[in-house]
Amino acid sequence: MNPSLARRGLLAALALTTVAAGTAAWLRAADHRDSAFLTANPGQDIADVYSFRSPDDPSRLVLVMTLAGLQAPSDAGTVQFPDGVVYQWKIDTDADAVEDYVVQAYAVGQGTTQVVKFLGPSRPAVTGISNQLLRTPPITVPVSYGADPRVGSRQGVSVFAGLRDDPFFFDLAQFQAVIGGTAAAFRNPGIDTFAGTNVLALAIEFPIALLGGATQLGVWGTVNVPAN
């Protein structure tokens, strides 16, 4: 089993809320293989998006996006980030549900030589459903499949891309029992449905000061493919 990506940090209490579509809400559930299209295109299937202050330095923000959930450890080296896909974290700093800053990532190459390029954080040229690649110099990092992470960094920004243990904990069987009326509450402790499975993970850590002094953030993730 590949080790988790900073599992302690991913499961830490969120100091900054994770939001979807600009509506502030605590992270509520994972989202794995929720359609036939995404099952067939796992690299476009967002499992979870996380945002939190670094547990080692509260002046720094960590953003994580996981994709392609429910991968077996034996798939290491065969599950890859697809070409032609741009992953984005969109960051709202003034509570208007419109991104003020963007972080982007995209993969280049195949197999053991695949790398991921990270752009930003920077103000986007366009907002909403229209997207353009940022013009900031990228930080390039090789994709990690082994236990030792390969991290890229420049000017206080650090990035990671690779296959890691799924950090989301969810007791699916008990959830289904509660919904079905055969149980009244979750188990304590619960049984992690995702234990022993991997996800593709993208992560970036940078000083919160790069977001213009914002004190409250909204963060959501998108997967973007070229328009036909």
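All you need for the numbering used here is the position in the sequence shown, starting with 1, plus 847.
Built from N, CA and C at the ideal position, the CB exists for glycine as well.
Everything numeric in this text was worked out from a predicted model, so none of it was measured.
Can you look up GLN891 in the DSSP assignment and give me helix, strand or coil?
helix
Going by C-alpha to C-alpha distance, which of PRO929, TYR948, PHE1022 sits closest to LEU914?
PRO929
For the segment 1023-1040 against the segment 891-905, are there 3 or more C-beta pairs whose distance is under 8 Å?
no
Exposure of VAL950, with buried meaning 16 or more beta-carbon neighbours within 10 Å:
buried
Candidates PRO1073, ASN1071, TRP1067, VAL1072: which alpha carbon is nearest ASP947's?
TRP1067
Run through DSSP, which three-state label would THR987 get?
strand
Does the segment 975-992 come into contact with the segment 1013-1031, if we say contact requires no fewer than three beta-carbon pairs (one atom in each stretch) closer than 8 Å?
no
How close, in whole Å, do the beta carbons of SER969 and LEU980 come, if the pair is a contact with beta carbons under 8 Å?
Their Cβ separation, rounded to whole angstroms, is 11 Å, which puts SER969 and LEU980 out of contact at 8 Å.
Classify GLY1027: buried if its beta carbon has 16 or more other beta carbons within 10 angstroms, exposed otherwise.
exposed
Residue range of the unbroken beta strand (DSSP E) whose run includes PHE1033:
No beta strand (DSSP E) holds PHE1033; DSSP gives it neither H nor E.
Using DSSP bridges, identify the partner residues of PHE965.
ALA952, ILE986
Could you tell me the boundaries of the beta strand (DSSP E) in which GLU1052 lies?
1045-1054
For ALA1024 and ALA1030, I'd like the C-alpha separation in whole angstroms.
5 Å
For SER1005, the first and last residue of its enclosing beta strand (DSSP E):
1004-1012
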